[in-house]
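Every letter in the sequence shown is one number past the one before it in our numbering, and letter 10, counting from 1, is 845.
Report on one structure; see the data block that follows.
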Amino acid sequence: MTDTETETGTEFESFQSLPEAVKRGVEDLGWKEPMPVQRRVIPMMLARRDLIVQAITGSGKTGAFGLPIVQNLNAERRETQALVLAPTRELAGQICKEITIMGLHAGVDTIAVYGGTAYGPQLDAFARGVHVVVGTPGRILDHLKSGKLVLDNVKVLIIDEADELLSLGFWPDMKEIGRFLPSDRQTGLFSATMPERVRSLARFFLRDPEFISLTEGGVRSPEEIEHYHYIVSAQEKESMLLRILQYEEPDSAIVFCNTRDDVRYLTRYLQRNELDADAIEGGMTQVAREKVMARIKAGELRFLVATDVAARGIDISDLSHVISYSSSDSPEVYLHRTGRTGRAGRTGTAISLISGLDIGNFRNMQNVNRMVIPERPIPSAPDVAGRVRQRVQVRLEHDLRELGERERELRQRRYLPLVEELAADAEGRLELAMVLGAYLASPRREAASPAAEPADAAPPARDHERKGGGRKRRPRRRGPRG
Ligand code: AMP
836 MTDTETETGT EFESFQSLPE AVKRGVEDLG WKEPMPVQRR VIPMMLARRD LIVQAITGSG
896 KTGAFGLPIV QNLNAERRET QALVLAPTRE LAGQICKEIT IMGLHAGVDT IAVYGGTAYG
956 PQLDAFARGV HVVVGTPGRI LDHLKSGKLV LDNVKVLIID EADELLSLGF WPDMKEIGRF
1016 LPSDRQTGLF SATMPERVRS LARFFLRDPE FISLTEGGVR SPEEIEHYHY IVSAQEKESM
1076 LLRILQYEEP DSAIVFCNTR DDVRYLTRYL QRNELDADAI EGGMTQVARE KVMARIKAGE
1136 LRFLVATDVA ARGIDISDLS HVISYSSSDS PEVYLHRTGR TGRAGRTGTA ISLISGLDIG
1196 NFRNMQNVNR MVIPERPIPS APDVAGRVRQ RVQVRLEHDL RELGEREREL RQRRYLPLVE
1256 ELAADAEGRL ELAMVLGAYL ASPRREAASP AAEPADAAPP ARDHERKGGG RKRRPRRRGP
1316 RG
């Protein structure tokens, strides 16, 4: 090996140290030198450590987990030895393509498994004992439940773009997949951001993980609050906030405004757009304020809009996001606002909306507090629409799966004629849109993200394992790790 010892540990310096067959795969990909994420991650993957990697798409992370998977795998054994979960079909397809090239000369058989594609080739691959399965959680769960895909011999689980997986609503499916996985596996979690819900996911799937960060600014503690801002026009501020909330779908948030009028206006605006929002401001009676407080503390209210004065002294440390809708002229206020998230070892996200009216205060605040808060581009309307569509699909597929085959068929047969009739004209399509909206607004039967569940919500590992007697294809009830 040409690895060298550095202050950050052993690094993977060159592809020369790879087995001959894998090296040829890397040559086919045209890669000459390992990228930073590969240098840091490959040695730990090869040492079969559990790890959390903060890295963005484009950093070379597929190689970072793909090469060790291919190297560690026993191609002679026709069984599934690695599972990669990815949020979208496109990403699953891309990862599959890359691992296929890496593993071609080593005899590694890889398949992508996602919705919207024929079952036939996937079933054939499982029957011949495909080595690496890359897919979206929904379709993988379909195959697990039908007993066609067996994960008993999986040595490596990769959760790629964990923040995206959770944002799209895949948590219930992922939790179920966890029950089919052996507990003596290695798990690698990759995510561009590390909000609390990703950390909860890590607690569920990983055991004593290493943490590697490759985002700007070098190594960061996962406990830190993530700060960023969006530049918006003053006229469009409320609609941009709505868009950001729809895109990010925070578990919960407090939105700070400078004035009571802003609080009232913004709360009504969010409510009109069907967000679960309520206000606390100085003009309300104490009783009314306490009612709202009780709801946000109990997790029954998702968005609290407040002035700094009205929210003073309130301990709501469980909120995932703090949003500065308008910037205060006092730099200290920003610290008070954002101090409400990321408490007690949790991570939080602090977002500022900056219009021309805020820019002076925002700059001054960063100078005084010695902070550099990066900008993010506002998601476009098609970005938001695409994301909402994906979430609808994930939820529908999950709920259909829960119904069971007989009930699903009955229900589909019962309602299909009505759907066809409604979809045939414009008015009917609007009615269908209403039904879909109501469906999405209704609470999920299961928590939408791991952070929304108590840490002990799932049974501990092994307690629920079936002991002996069970047929081979029966799902193994294995709980979380660590
Ligand atoms: P990823 O972050 O895995 O999506 O990778 C981003 C792009 O970088 C992909 O097109 C990879 O094929 C490419 N890539 C990954 N590793 C290397 C490397 N060591 N040298 C050159 N290109 C690479």
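All residues carry an ideal CB built from backbone N, CA and C; glycine is no exception.
Please read all numbers here as calculations on a predicted model, not as lab measurements.
Look up residue i in the DSSP assignment and say whether it is helix, strand or coil.
i	result
Gln889	strand
Pro1294	Here Pro1294 scores only 38 on pLDDT, less than 50, and its place in the model should not be relied on; the value that follows carries that caveat. Of the three classes helix, strand and coil, the one that applies to Pro1294 here is coil, per DSSP.
Phe847	coil
Asp1113	strand
Arg1082	Correcting the residue identity first, residue 1082 is Tyr in this sequence and not Arg. It is helical.
Thr1359	Residue numbering for the chain in the displayed model covers 836 to 1317; residue 1359 lies beyond these limits and cannot be assessed.
Thr1022	strand
Phe1040	helix
Ile1194	helix
Val985	coil
Thr1142	strand
Glu1262	helix
Phe1091	strand
Identify which residue in the options has its Cα closest to the Cα of residue i.
i	options	result
Thr845	Val876, Leu853 and Arg1034	Val876
Lys983	Thr1184, Leu958 and Ile1066	Leu958
Glu1071	Pro922, Ile1213 and Glu914	Ile1213
Glu1061	Ile1158, Gly955 and Glu1262	Ile1158
Glu996	Arg1038, Gly1272 and Thr897	Thr897
Ser1163	Asp1153, Ile891 and Ile1189	Ile1189
Gln1021	Met1029, Arg1042, Arg1038 and Gln1247	Arg1042
Ile1208	Thr1184, Pro1217 and Asp1097	Thr1184
Leu1231	Leu1192, Gly1272, Ile1194 and Asn1202	Gly1272
Leu1049	Ala1259, Asn907, Gly895 and Leu1267	Gly895
Arg1226	Leu1000, Glu914 and Leu926	Leu1000
Ser1002	Arg1205, Phe1197, Thr923 and Arg874	Thr923
Gly973	Ala962, Ile1012 and Phe961	Ile1012
Asp1019	Val991, Arg1038 and Leu918	Val991
Glu862	Ala917, His940 and Ile1131	His940
Asp1193	Asp1218, Ser1161 and Val1203	Ser1161
Note down the Cα distance separating residue i from residue j, rounded to an integer number of angstroms.
i	j	result
Gly1053	Met1200	Reliability of the predicted coordinates at Gly1053 is poor, the pLDDT of 41 falling under 50, and no value is obtained from them.
Met880	Leu886	8 Å
Gly1023	Arg1222	25 Å
Phe847	Gly950	36 Å
Glu1031	Arg1137	16 Å
Phe1005	Ala1027	17 Å
Ala910	Ile904	11 Å
Ala882	Phe850	17 Å
Val1033	Asp977	24 Å
Glu1045	Gln889	11 Å
Tyr1082	Arg884	33 Å
Ala1216	Arg1078	8 Å
Ile975	Arg1103	41 Å
Val1098	Asp1113	9 Å
Val989	Arg859	25 Å
Arg1211	Ile1066	8 Å
Asn907	Pro1085	38 Å
Pro1166	Phe1040	40 Å
Asp1153	Ser1284	14 Å
Gly865	Ser1155	42 Å
Met1269	Arg1246	19 Å
Pro878	Arg913	26 Å
Ser1074	Ala1145	24 Å
Pro854	Ile930	21 Å
Ile1115	Gln873	48 Å
Ala1220	Ile993	28 Å
Phe900	Leu1036	19 Å
Let me check you understand the geometry: is the CB of residue i closer than 7 Å to at least one non-hydrogen atom of the ligand AMP?
i	result
Glu868	yes
Gly895	yes
Gln1070	no
Glu848	no
Gly928	no
Thr892	yes
Glu1125	no
Gln873	yes
Gly898	yes
Leu864	yes
Glu933	yes
For residue i, decide whether its Cβ has a neighbour in chain B, counting only Cβ atoms nearer than 8 Å.
i	result
Leu1192	The chain labelled as chain B is not found in the depicted structure, where only one protein chain is given.
Okay, do the stretch 925–935 and the stretch 943–954 touch, 3+ Cβ pairs below 8 Å being the bar? yes
Within 8 Å, do at least three Cβ pairs link the stretch 1108–1126 to the stretch 1161–1172? no
Count the CB pairs spanning the stretch 1000–1016 and the stretch 863–876 that are closer than 8 Å, and state whether there are at least three. no
Counting pairs of Cβ atoms below 8 Å between the stretch 1233–1249 and the stretch 1084–1091, do you hit three or more? no
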